[in-house]
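Take the UniProt record's numbering: the final residue in the sequence shown is number 717, and no numbers are missing along the way. Beta carbons: idealized from backbone N, C-alpha and C, even for Gly. These notes are about the structure you will find just below.
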Amino acid sequence: MPTSRPNSASVPQPPIALHKRSSSQNQNHPQYANYTSTHDSSPQQSTLSMSSTAFSAANNPSPLNPNWQVNSQAAGPGVNRSHSNSSSGENTSITSGEHPVGNVPGTNGKTDPLSAVNSQIGSAYGPYAYTSVAHSHSAQPLLPQTPSSRFSTAVSESSLGSYSPNDNYNRHSLVAPSLMAGQRNNGDDSHLLWDEKDPEMDDALHRPDPPGKKGKHSAGGVGSGGGLVWSTRGCFNVLVLGFLLGGLLMLFAGYPILTYYLKKAKKSSSKGSFNLGGTNGTGQVPVIPNLPTLIDSETPDSARSRTGFDGKTYNLIFSDEFETDGRTFFPGDDPYWEAVDFHYWPTADYEWYAPRNAITKDGKLVLTMQERLSHNLNFESAMLQTWNKFCFTRGYIEVSVSLPGDNVVGGYWPGVWLMGNLGRPGYGATTEGLWPYSYDSCDVGTFANQTWANGTGPEAALTTGYNGGELSELPGQRLSACTCPGQDHPGPTTSTGRGAPEIDILEAQVDTDKDLGQMSQSFQIAPFDDSWQSDTDGSVIYDASITKWNSYLGGPYQQAVSGLTYVDSNKAYKGNYQTYGLEYWSDVNNRADGFITWHVGGVPSWKMTAAAVGPNSKVGVSQRIIPEEPMSIILNLGMSAGFQPPDFANLKWPASMYIDYVRVYQREGEENFGCDPEDYPTSAYIANHANAYADANLTIWSDAGYKFPRNSLYDGC
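If you want it as structure tokens, here you go:
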């Protein structure tokens with residue numbers, strides 16, 4: 001690189017002071033150059049002599065040789081500096097306060113010391129400091145070569161500095177020469193401070209690794225010497241991205257899939273349990289300790305399955321052993337049972353049903369009737385229901401019961417029965433037009449009184465009732481298969497006939513002529529056969545010595561397909577327990593296969609098939625169906641002259657009905673329990689008609705503010 005600068009003499013220059021490091025401070029640095037420089041007072045005369053050896057700056061904290069002090073402030077007027085030039089032997093003494101021009105050998109005396117600094121020393125400004133030797137007669141460079149690593153020797157504009165022997169490498173007095181504007185880019189290579197290919201001076205700011213640390217963040221990866229592929233920060237970033245990706249997958253894939261299967265489980269009608277199916281119909285769940293679950297843990301393993309009367313395997317789906325004493329059944333007390341608080345006026349009962357009369361004691365459910373003035377009635381008793389809490393469709397139910405009183409005095413009316421969930425027992429507005437219909441045809445059987453709109457027939461409907469009168473006084477099937485599209489109907493379509501049929505497991509009475517207890521086991525049905533007479537060819541009595549047809553066939557509000565079965569008095573009363581139950585099957589795709597089989601003590605008593613309530617041309621009705629509705633369970637102890645006149649003179653109070661357990665089974669692989677099955681939904685309809693389902697004082701549907709939907713055959717759509 002050229003060492004002369006044109007017109008440099010015309011620019012005011014600060015004096016340059018170069019001081020030799022003492023030999024004592026050089027003894028550990030044998031390769032440092034040794035020379036002296038002297039300037040006289042003439043600004044035009046200067047000689048520079050130097051002897052140098054190669055030296056290393058390995059320990060040099062600056063790219064410039066720390067042996068030298070370049071300090072324009074140190075050289076004032078009259079300061080003498082001596083330089084010895086080993087190659088020429090010249091000695092020049094300079095004492096000046098002006099701006100001397102240095103005469104460097106090989107430059108024809110045209111370059112001043114500042115020019116030398118700006119040209120040669122200035123080369124140390126670059127990130128990779130280097131020394132130009134083209135201008136020196138010496139075999140050694142004017143400035144020491146600096147390490148190539150910019151981390152071991154920090155490079156900055158502080159590269160030019162002053163060093164004092166007393167500094168011990170701890171201090172630098174920085175004086176940066178002024179560079180004239182335009183000097184750097186005037187096309188003269190001598191004015192370039194560093195090579196254009198060198199990194200920029202601030203590159204270190206973009207390399208966050210501290211000096212001496214192999215770059216975690218440096219360029220490169222494993223095998224390239226640049227840094228680590230899996231840094232802590234990188235791993236963390238990948239982890240966060242994984243969480244974000246997982247969240248997005250859950251939101252747009254997992255959630256829809258989970259929702260699909262939850263809804264599918266709900267539609268499978270497992271809402272009686274606190275599981276995927278949800279809660280019971282009133283939103284209660286058995287999460288309080290010691291409350292029963294769907295299957296009571298006290299149910300013995302031997303009772304968890306059974307072989308049905310039809311030869312099929314039945315598995316337990318619900319049980320209550322009533323082993324926990326002190327249970328009560330006020331509204332909200334129990335997840336599946338609720339004691340009612342009303343007068344059961346539809347059957348003109350003598351008692352008021354009150355929740356306080358239903359408790360558990362000694363491992364039994366106790367329903368107590370007592371002579372007590374209540375709501376202008378002389379007796380008080382209890383009724384429990386699972387309405388809208390637990391229901392099942394098809395299956396086998398068994399109860400173990402000790403009847404109140406004895407086998408001699410008649411008057412109590414204990415009952416265990418099932419009813420379709422669309423009707424709430426004791427709530428007259430809900431049962432009007434639904435109880436006891438089990439019908440899915442669109443014909444005259446859905447009409448009021450089972451007669452045509454003009455009242456002219458069918459003839460049997462007009463003449464086979466009591467005393468040759470009308471057969472039926474029912475208002476017609478409210479939710480019939482004739483319902484016009486868009487009318488108020490629970491579904492699944494308006495062409496599906498819906499109702500609230502009743503099946504009685506037992507209604508106990510006393511045959512006072514024989515002093516025997518007798519169980520009425522019945523199916524209550526509508527529309528009616530002529531004279532309420534079912535087809536007995538479609539029924540079977542297994543033991544005529546203990547079971548017979550019930551002489552009561554029905555009345556203007558119901559038809560009863562019923563049998564009467566005697567019970568062993570030693571097993572049925574006074575703390576002795578007898579089992580009662582029924583097994584029934586229905587199939588919407590093959591209704592002819594439907595049946596109901598009743599039993600006492602595990603022995604079938606009688607059976608009716610779908611043929612017993614088949615089509616009847618005399619009254620113009622079609623097949624009545626074995627119930628396909630979700631059925632709730634009712635347990636009660638009542639008293640009514642409509643069932644058996646009470647012998648008040650001999651009845652004793654209080655009287656209690658004891659229930660040891662209730663167990664429900666269904667065919668293996670045909671489980672269908674819950675009050676809102678997909679094919680026979682009820683919950684939305686109940687919620688949409690809350691007035692009727694919440695007020696037991698309403699006796700008819702219109703009292704609740706609702707109307708019967710239009711019947712396409714009777715009213716037209």
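- For glutamate 398, the enclosing beta strand (DSSP E) starts and ends at 395–402.
- Looking at the backbone, the Cα of tryptophan 417 and that of aspartate 593 are separated by about 22 Å.
- Bridge pairing for lysine 607: Val540 and Thr597 [DSSP].
- Rounded to whole angstroms, aspartate 703 and glutamate 502 show a C-alpha spacing of 24 Å.
- Residue environment for glutamate 668: exposed (fewer than 16 other C-beta atoms within 10 angstroms of its C-beta).
- Per the Cβ contact rule, the stretch 365–376 is not in contact with the stretch 418–430 (fewer than 3 Cβ pairs under 8 Å).
- Following the DSSP letters along the chain, one finds arginine 233 inside the alpha helix (DSSP H) bounded by residues 232–249.
- Take alanine 354, set aside five residues on each side of it, and the residues of its chain with a beta-carbon closer than 8 Å to its own are Ala339, Asp341, Ser374, Glu380, Ser381 and Ala382, in chain order.
- Rounded to the nearest angstrom, the Cβ distance from isoleucine 625 to isoleucine 596 is 12 Å, too far for a contact under 8 Å.
- Sequence-distant partners of histidine 489 (beyond 5 residues in either direction) whose C-beta falls short of 7 Å from its own C-beta, in its chain, are Leu479, Thr483 and Pro709.
- Check the Cα spacing between aspartate 537 and each of Gly614, Gly499 and Asn650: the tightest is with Gly614.
- Beta-carbon to beta-carbon, serine 305 and asparagine 315 are separated by about 5 Å, close enough to satisfy the 8 Å threshold.
- Distance check between proline 300 and each of Phe318, Phe309 and Gly308 places Phe318 closest, using alpha-carbon atoms only.
- Per DSSP, the continuous beta strand (DSSP E) segment holding lysine 361 begins and ends at 358–361.
- Between proline 335 and methionine 657, the CB-CB gap reaches or exceeds 8 Å.
- For alanine 692, the enclosing alpha helix (DSSP H) stretches over residues 690–694.
- Thr547 is the residue among Pro492, Thr547 and Gly499 whose C-alpha sits nearest the C-alpha of leucine 516.
- One thing to note: threonine 494 has its Cβ within 8 Å of the Cβ of proline 485.
- Distance from serine 522 to aspartate 504 at the Cβ level is roughly 4 Å; contact confirmed, criterion being Cβ atoms closer than 8 Å.
- DSSP lists Asn315 as the bridge partner or partners of glutamine 666.
- Closest in alpha carbon position to arginine 498, among Ala526, Met519 and Gln509, is Ala526.
- Going by beta carbons, arginine 591 and glutamate 398 fall outside the 8 Å limit.
- By the neighbour-count criterion, in which 16 or more other beta carbons inside 10 Å mark a residue as buried, valine 603 falls on the exposed side.
- Exposed is the label assigned to cysteine 235, since fewer than 16 other Cβ atoms lie within 10 Å of its Cβ.
- In the displayed model, asparagine 378 falls within a strand according to three-state DSSP.
- Annotation for serine 586: Arg394, Gly594, Ile625, Ile626, Pro627 and Glu628 place their beta carbon closer than 7 Å to its own, counting only its chain and skipping 5 residues before and after.
- Within 10 angstroms of the beta-carbon of isoleucine 359 lie 16 or more other beta-carbons, which makes it buried.
- Alanine 684 and alanine 655 have their C-alpha atoms spaced approximately 40 Å apart.
- Of the residues assessed, tyrosine 552 falls on the exposed side of the cut-off, its CB having fewer than 16 other CB atoms within 10 angstroms.
- Rounded to the nearest whole angstrom, the CA to CA distance from valine 561 to glycine 554 is 8 Å.
- Less than 8 Å divides the Cβ of alanine 481 from the Cβ of aspartate 440.
- Secondary structure at arginine 372: strand, using DSSP grouped into helix, strand and coil.
- Between the alpha carbons of phenylalanine 643 and threonine 347 lies a gap of roughly 8 Å.
- For tyrosine 437 and alanine 687, the gap between their C-alpha atoms comes out near 21 Å.
- In the three-state reduction of the DSSP assignment, glycine 254 falls in the helix class, which pools H, G and I.
- Non-local beta-carbon contacts of isoleucine 541 in its own chain, meaning distances under 6 Å to residues more than five positions away in sequence, involve Thr547 and Trp606 in chain order.
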